[in-house]
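Below is one structure, written out as structure tokens, with a few remarks after it.
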Amino acid sequence: MRDDGIGSIRRHVNDCLERIDRFEDRIRAFVTFDRSAVLSQVEGRADWFRNRPLAGITLGVKDIIDALPYPTECGTRFRRSTQPVQDAAVVARLKSAGAVVFGKTVTTEFAYFAPGPTRNPFDLNRTPGGSSSGSAAAVAAGFIDVGLGSQTAASITRPASYCGVVGFKPTHGRYSLAGVRGLAPSFDTLGFLCRDVPTAAQVHSVIMAADRVAEPKAPARVGVCRTPWWDMAEAATQDALLKSAVLLSAGAEVEEVGLDDFVDGVRLQAEIMAFEAAAMISPDGDVLERDLSPVLMKMIELGREMDYAHYQKSLRDAAELRRRIDTVFETYDVLVAPAAPGEAPEGLASTGDPIFSRLWSLLGLPTITVPGFTGPSGMPVGIQLLARAGQDEALLSHALWAEQLLPAPKRWTSVGMEVSDA
């Protein structure tokens, strides 16, 4: 797939298309998908693909991100058929590196909590997580190699854990948001999901126009962070974190780190997000408000009720927590923390609880979710590694190291998918 031969690129693209033909009607990862548009990016372009670093990588684009020729609808009727005039900056960069865009993947409404139709490939009666639902499910099912996503609270980390894939969210502000519809500027961060850490490192290098992180590097000290919300973690997540600590101790000094004085981070993230989302979406009149889900309208109403002075204080308190976390990274090279409360919840009415990522999104830290564990139902469970703000490349090198020590992730197969789902 990654060599220059157009034959291998064509075979890989066709393999992905075949999987989509067989299983997309049940997984429902895509909002818009156009086979002819996919094939037009490959046919007759052998010379163009030569020496492109991502030649033949198949790419899905979360439907808050502009990617021609598709509309950007943000999971809402309000923006139906809204057509962009150009690709988002990151999409343009990935395409120029040889990525083949397969279409737009499902997002929750305005990248918040109201779910779309996507199902978890490992169990069609469970959520894939959100808001980057379609990208996570499409990567897990082998429809695409890389799915662009975004995170404001837990929108990459949680679906990565639920779907058993790698999810990378860089430091807040590292990737351009040109051509990306936002929810809360203080936290909105573009990232992506893929099947392994080497692919994540390769994609990051293209987006940042930098040398690829290729060598695993053991951190000197790892802080295992149960977080102040440990009692909200199911046994599957608690086991995954504690087992990962044992496994990582084979190559680094590992110790527990308490962050009890960061407990206000969840509240601050929710308050700031609500205030900024109310300004970003700004429903005006009964007609538009009827087009929005009750869960989104509730957050907007909370944001409207918050006065500007309270919002400013929340921003100052968040800045203080960022100063405090910086001192933590004077001791630890990387933190290991839960990625989600447990296995993907049953049912499709919710995308799960973002509790284990709100703090890190508030702090703007780079994070990578690494799969490898399973829960009592056999569903994937991931952990997340975090580094100091701005240390994205160091985090990727540590993740390459950690991936070698952690269990091999459970891979999705089509067993049971040939029968109609319930």
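Numbering (this note's numbering), first residue to last: 24 to 445. Idealized CB from N, CA, C, for every residue including glycine. Being a predicted model, the structure only gives us computed values, none of them experimental.
The beta carbons of Asp415 and Arg197 sit about 6 Å from each other, so the pair counts as a contact at 8 Å.
Counting only runs of 4 or more residues that sit fully inside the stretch 281–356, the alpha helix (DSSP H) segments are 288–304, 309–313, 317–328, 331–351, in chain order. Proximity to Ala410 across Val245, Ser158, Val236 peaks at Val245, based on C-alpha coordinates. In this structure, the straight-line span from the alpha carbon of Val247 to that of Glu426 is close to 16 Å.
Comparing alpha-carbon positions, the option among Glu66, Val54, Gly157, Glu41 lying closest to Gly30 turns out to be Glu66. Taking the Cα positions, Thr390 is about 30 Å away from Ser437.
DSSP, reduced to helix, strand and coil, places Arg149 within a strand of the structure shown. In the structure shown, Cys97 adopts coil according to DSSP, grouped into three states.
In the DSSP secondary-structure assignment, Lys127 is bridged to Thr55, Val84. Exposed is the label assigned to Arg100, since fewer than 16 other Cβ atoms lie within 10 Å of its Cβ. Below 8 Å, enough C-beta pairs join the stretch 170–181 and the stretch 369–383 to call them touching: three or more.
Pairwise C-beta distances place the stretch 156–175 in contact with the stretch 78–96, as three or more of them are shorter than 8 Å. In the DSSP assignment, Ile167 forms no beta bridge with any residue. When Arg381, Ser272, Ala417, Pro432 are compared, the shortest CA-CA separation from Asp234 is found for Ala417.
DSSP places Arg244 in the strand class (E or B) of the three-state scheme. For the pair Ala122 and Glu278, the Cα-to-Cα distance works out to about 40 Å. Asp168 and Ala332 have their alpha carbons spaced roughly 45 Å apart. For Lys433, there is no enclosing beta strand (DSSP E), as DSSP marks it with neither H nor E. Residue Leu200 holds the alpha-carbon nearest to the alpha-carbon of Pro208 among Leu200, Phe215, Gly214.
With 16 or more other Cβ atoms from the protein chains shown falling within 10 Å of its own Cβ, Gln292 counts as buried. Boundaries of the beta strand (DSSP E) harbouring Thr397: 390–397, taken from the DSSP string. For Ile80, the closest C-alpha among the options Thr128, Leu117, Ala273, Leu423 is that of Leu117. Between Ala120 and the set Thr131, Gln64, Arg102, the nearest pair of CA atoms involves Gln64. With fewer than 16 other beta carbons inside 10 angstroms of its own, Trp253 counts as exposed. For Gly281, the number of other beta carbons within 10 angstroms of its own is below 16, and it is reported as exposed. The Cβ atoms of Pro364 and Ile348 lie no closer than 8 Å to each other. Gly202 has its alpha-carbon roughly 25 Å from the corresponding atom of Gly326. The beta carbons of Thr131 and Gly98 sit closer together than 8 Å. Distances from the alpha-carbon of Lys321 to those of Met402, Asp110, Ala137 put Ala137 closest. Rounded to whole angstroms, the gap between the alpha carbons of Ala273 and Ser184 is 24 Å. In its chain, beyond the 5 residues on either side, Ser199, Ala201, Gly202 have a beta carbon closer than 7 Å to the beta carbon of Ala112. The shortest C-alpha to C-alpha distance from Leu77 to any of Asn148, Gly157, Val351, Gln225 is the one to Gln225. Collapsing the DSSP output to three states places Glu132 in a helix. Taking C-alpha positions only, Ala412 is separated from Thr141 by approximately 32 Å. In chain order, Ala176, Ala177, Thr180, Arg181 place their CB closer than 7 Å to the CB of Ser380, counting only its own chain and leaving out the 5 sequence neighbours on each side. Assignment of Gln261 by DSSP, reduced to helix, strand and coil, places it in the helix class.
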